[in-house]
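Asker: Quick one: structure below, then a few questions.
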Amino acid sequence: MSASVRSVALLGATGSIGTQTLDVLRRSPDQFVLTAIAGGSRVDELIAIAREFHVAIVGVLDSSAAAKVRDALPQTRVVVGDEGLDELSRSADIVVNAVMGFAGLTATLGALDAGKRLALANKESLVAAAPLVDQVRAGRETDLVPIDSEHCAIHQCLAGAGSVAGLPSVKRLLLTASGGPFRGRSAAQLHNVTKHDALKHPTWSMGPKITIDSSTLMNKGLEVLEAAALFGISVDRVDVVVHPQSIVHSMVEYVDGATIAQLSHPDMRLPIAYCLGLPERLNHGWGAISFTEAMTLTFEPPDRNAFPALDLAYEAGRTGQGAPAWLSAANEVAVAAFLDDRISWRDIVPIVADTLAHYDGTSLTSVEILREHDATARRTAEKMIASL
Ligand code: NDP
Ligand code: MG
Numbered sequence: 008m009s010a011s012v013r014s015v016a017l018l019g020a021t022g023s024i025g026t027q028t029l030d031v032l033r034r035s036p037d038q039f040v041l042t043a044i045a046g047g048s049r050v051d052e053l054i055a056i057a058r059e060f061h062v063a064i065v066g067v068l069d070s071s072a073a074a075k076v077r078d079a080l081p082q083t084r085v086v087v088g089d090e091g092l093d094e095l096s097r098s099a100d101i102v103v104n105a106v107m108g109f110a111g112l113t114a115t116l117g118a119l120d121a122g123k124r125l126a127l128a129n130k131e132s133l134v135a136a137a138p139l140v141d142q143v144r145a146g147r148e149t150d151l152v153p154i155d156s157e158h159c160a161i162h163q164c165l166a167g168a169g170s171v172a173g174l175p176s177v178k179r180l181l182l183t184a185s186g187g188p189f190r191g192r193s194a195a196q197l198h199n200v201t202k203h204d205a206l207k208h209p210t211w212s213m214g215p216k217i218t219i220d221s222s223t224l225m226n227k228g229l230e231v232l233e234a235a236a237l238f239g240i241s242v243d244r245v246d247v248v249v250h251p252q253s254i255v256h257s258m259v260e261y262v263d264g265a266t267i268a269q270l271s272h273p274d275m276r277l278p279i280a281y282c283l284g285l286p287e288r289l290n291h292g293w294g295a296i297s298f299t300e301a302m303t304l305t306f307e308p309p310d311r312n313a314f315p316a317l318d319l320a321y322e323a324g325r326t327g328q329g330a331p332a333w334l335s336a337a338n339e340v341a342v343a344a345f346l347d348d349r350i351s352w353r354d355i356v357p358i359v360a361d362t363l364a365h366y367d368g369t370s371l372t373s374v375e376i377l378r379e380h381d382a383t384a385r386r387t388a389e390k391m392i393a394s395l
């Protein structure tokens, strides 16, 4: 490998962000080499990716998946479970964490601890583990770049203004939200929405969990917490504005009244390429706007009454410590139950709220404590679902 080629480990390779990352890598063969991948249940897809990119190490969920990969690819090293994800997250120059949900925790902590660049799509790990991530980042240089389009936009706005680290002159961060498929509906009009409706996102094509989170605005709530953790700012200096066109990906308002924004057509390959290429920009032009055709950009406040998930996330952020982990765990359980047809859409956020009310205020001082909190929150949420 030449010195200028950087190795990439892609965790969650079979998913929406994973396959778009593969697209970026296919277009940049002189700059990156994919050395490691991991996935979950789609083992055949994982094998096909390993073959195409000649990857050295493949991470799988369990021993039966491991046997299947070893059969298909006898020359490839296969690692299993959380231990495997830990090894992979320390194995390459750049670690793309595109795993869904709390399962992304090991890779987030592993990559930061090993001093690798963490290109982070997996917001749930950062939301749940913010105090632990702070510990890892304290007193040393870490390289954490967000793939999530809003946070990537803010990273670009801050970098453009010459300050990603210190935020003294920032008044507030403004996260834009598409508003999801149910924008404009009142609480009463949201009573009987179906899974089919909730899975239809107006501007982005994403995995099922984040698509449902976008329909409840929990995604935006998680993103408020993600922004606070990433940029070291309180949730009360993070605001949300609904922008249905998804062209302005987020903004930074400075104390002098200036607002800096990042604009592009919605295409996740742009933030992925930004995270891989930094400090350079890759020359692919994804999402570029021509500006020769008329375009209207609109902004409106979110409907906090119809979408109470947003304020619930702020509340969890103000409580801090384990509260965001409880919120995120309960939400994962409730969304899975909804996708499984066990609860209706309108049950999701009340289940999260009722579960969060059980958080006892214990501090998050270790990964073990976080895992206990996550497990307890999940059990609590499952009990609520069973009692419906
Ligand atoms: P998908 O559901 O499309 O993909 C999830 C990926 O994670 C799949 O490759 C899946 O494997 C893998 N996976 C799930 N559980 C495990 C596990 N225990 N160990 C290893 N791999 C696992 O989700 P998305 O790509 O949409 O989202 C991924 C993350 O990125 C989420 O945190 C999401 O919030 C975030 N994100 C996504 C955006 C998007 O546009 N999609 C935008 C911004 C953030 P398999 O499918 O083989 O089971
Ligand atoms: Mg986002």
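To convert a position in the sequence shown, counted from 1, into the numbering used here, add 7. In this text, a Cβ means the ideal position worked out from N, Cα and C, and glycines have one as well. Everything numeric in this text was worked out from a predicted model, so none of it was measured.
Since L151 sits in a beta bridge, which residues does DSSP pair it with?
Answerer: Counted from its first residue, the sequence shown places residue 151 at position 144. L151 pairs with L125.
Asker: Taking its Cβ as the centre, do 16 or more other Cβ atoms sit within 10 Å of P452, making it buried, or is it exposed?
Answerer: Because the chain spans 8 through 395 in this model, residue 452 falls outside it and cannot be assessed.
Asker: Do G66 and V40 have their C-beta atoms closer together than 9 Å?
Answerer: For the purposes of this step, residue 66 is identified with residue 59 of the sequence shown, where counting begins at 1. For the purposes of this step, residue 40 is identified with residue 33 of the sequence shown, where counting begins at 1. Cβ atoms of G66 and V40: not closer than 9 Å.
Asker: Compute the Euclidean distance between the alpha carbons of S212 and A184, then round it to the nearest angstrom.
Answerer: Within the sequence shown, numbered from 1, the residue matching residue 212 stands at position 205. Within the sequence shown, numbered from 1, the residue matching residue 184 stands at position 177. Rounded to whole angstroms, S212 to A184 spans 15 Å at the Cα level.
Asker: Collect the residues with a C-beta less than 7 Å away from any heavy atom of the ligand MG and give them in sequence order along the chain.
Answerer: D155, S156, E157, N226, E230
Asker: Which whole runs of the beta strand (DSSP E) in the segment 226-296 are 3 residues long or more, in chain order?
Answerer: 245-249, 255-261, 266-270
Asker: Mind listing, in chain order, the continuous alpha helix (DSSP H) runs of no fewer than 4 residues lying wholly within the segment 26-79?
Answerer: 50-60, 70-79
Asker: Compare the C-alpha of P36 against each of T21, H61, G47 and name the closest.
Answerer: For the purposes of this step, residue 36 is taken as residue 29 along the sequence shown, with counting starting at 1. Checked all of T21, H61, G47; the closest Cα to P36 is H61.
Asker: Within its chain, find whatever has a CB closer than 8 Å to the CB of T369; leave out the 5 residues flanking it on each side and keep chain order.
Answerer: The sequence position of residue 369 within the sequence shown is 362, counting from 1. Contacts found: Q328, G329, I376, H380.
Asker: My assumption, with CB atoms under 8 Å, is that Q252 sits in contact with T305. Please give the rounded CB distance.
Answerer: Numbered from 1 along the sequence shown, position 245 holds the residue referred to as residue 252. Numbered from 1 along the sequence shown, position 298 holds the residue referred to as residue 305. Taking C-beta atoms under 8 Å as the contact rule, Q252 and T305 qualify, at a distance of about 7 Å.
Asker: What number of angstroms, rounded off, separates the C-alpha of A280 from the C-alpha of E307?
Answerer: The residue given as residue 280 occupies position 273 in the sequence shown. The residue given as residue 307 occupies position 300 in the sequence shown. Looking at the two C-alpha atoms, the distance is approximately 30 Å.
Asker: Does the beta carbon of L92 fall short of 8 Å from some heavy atom of the ligand NDP?
Answerer: Residue mapping note: residue 92 aligns to position 85 of the sequence shown, counting from 1. True, at least one ligand heavy atom lies under 8 Å from that Cβ.
Asker: So, at 7 Å on beta carbons, what are the nonlocal neighbours of P325 in its own chain, with the 5 sequence-adjacent residues on each side left out?
Answerer: Reading the sequence shown from its first residue, position 318 is the one you call residue 325. Position check: residue 325 holds Arg in this sequence, whereas Pro was assumed. The answer, listed in chain order, is V242.
Asker: Can you tell me whether DSSP reads N104 as helix, strand or coil?
Answerer: As a first step, residue 104 must be located in the sequence shown, where it is residue number 97. For N104, the three-state secondary structure derived from DSSP is strand.
Asker: Can you confirm whether the segment 214-222 touches the segment 357-368 when touching is taken to mean that 3 or more C-beta pairs between the two stretches lie within less than 8 Å?
Answerer: no
Asker: Starting from the C-beta of A235, find all residues in its chain whose C-beta is less than 7 Å away, skip the five residues before and the five after it, and write them out in chain order.
Answerer: As a first step, residue 235 must be located in the sequence shown, where it is residue number 228. Taken in chain order, the residues that qualify are S241, V242, V245, G324.
Asker: On the three-state DSSP scale, how would you describe L371?
Answerer: For the purposes of this step, residue 371 is taken as the residue at position 364 of the sequence shown. DSSP places L371 in coil when its eight states are reduced to three.
Asker: Would you decide whether D155 is buried or exposed? Buried here means 16 or more other CB atoms lie within 10 Å of its CB.
Answerer: The residue given as residue 155 occupies position 148 in the sequence shown. D155 is buried by the Cβ-count criterion.
Asker: I'd like to know whether the C-beta of A393 is nearer than 9 Å to at least one C-beta of chain B.
Answerer: Among the chains in the structure shown there is no chain B, since it carries only a single protein chain.
Asker: Within 10 angstroms of the Cβ of S70, are there 16 or more other Cβ atoms? Answer buried if so, exposed if not.
Answerer: As a first step, residue 70 is located in the sequence shown; it is residue number 63 there, counting from the start. By the 10 Å Cβ count, S70 comes out exposed.
Asker: Which residue wins for smallest C-alpha separation from L197, given the options L68, P315, R124?
Answerer: As a working note, residue 197 is residue 190 in the sequence shown. Answer by Cα proximity: P315.
Asker: With three or more C-beta pairs closer than 8 Å as the rule, is the segment 222-229 touching the segment 174-192?
Answerer: yes
Asker: Can you tell me whether DSSP reads R13 as helix, strand or coil?
Answerer: As a first step, residue 13 is located in the sequence shown; it is residue number 6 there, counting from the start. Strand at R13.
Asker: Any contact between the segment 15-22 and the segment 96-114? By contact I mean 3 or more CB pairs, one from each, below 8 Å.
Answerer: yes
Asker: So for V140, helix, strand or coil by DSSP?
Answerer: If you number the sequence shown from 1, residue 140 lands on position 133. Residue state, collapsed to three classes: helix.
Asker: Is the Cβ-Cβ distance between L229 and N338 less than 9 Å?
Answerer: Residue 229 sits at position 222 when you count from the first residue of the sequence shown. Residue 338 sits at position 331 when you count from the first residue of the sequence shown. A contact, by the Cβ cut-off of 9 Å.
Asker: Quick one: residues in its chain with C-beta nearer than 6 Å to the C-beta of A118, no 5 flanking neighbours on either side, listed in chain order?
Answerer: Stepping through the sequence shown from its first residue, residue 118 is reached at position 111. For A118, where only same-chain residues beyond five positions count, the Cβ hits under 6 Å are S96, V102, L125.
Asker: My output table needs one value for T299: the three-state DSSP class, helix, strand or coil.
Answerer: Within the sequence shown, numbered from 1, the residue matching residue 299 stands at position 292. When secondary structure is reduced to three states using DSSP, T299 falls in the coil class, being assigned neither helix nor strand.
Asker: Nearest-angstrom Cα distance between I267 and P309?
Answerer: Your numbering for residue 267 matches position 260 in the sequence shown. Your numbering for residue 309 matches position 302 in the sequence shown. I267 and P309: Cα-Cα distance of roughly 21 Å.
Asker: Let me make sure I understand the geometry here. Which of D318, I296, L285 has the alpha-carbon closest to that of S11?
Answerer: Sequence index remark: in the sequence shown, residue 11 carries index 4 (1-based). S11 has its Cα closest to that of L285, out of D318, I296, L285.
Asker: Enumerate in chain order the residues of its own chain whose CB-to-CB distance from E389 is below 7 Å, with the five nearest sequence positions on each side excluded.
Answerer: Position 382 of the sequence shown, counted from the first residue, corresponds to residue 389. Around E389: V340.
Asker: Please report how far the alpha carbon of I358 lies from the alpha carbon of R192, in whole angstroms.
Answerer: Taking the sequence shown and counting its residues from 1, the one referred to as residue 358 is at position 351. Taking the sequence shown and counting its residues from 1, the one referred to as residue 192 is at position 185. The straight-line gap from Cα to Cα measures roughly 21 Å.
Asker: Helix, strand or coil for L180, going by three-state DSSP, please let me know.
Answerer: Position 173 of the sequence shown, counted from the first residue, corresponds to residue 180. It is a strand residue.
Asker: Among A72, A105, E59, whose alpha-carbon lies nearest the alpha-carbon of T28?
Answerer: To locate residue 28, count along the sequence shown from 1; it is residue 21. Measuring from the Cα of T28, the nearest candidate turns out to be A105.
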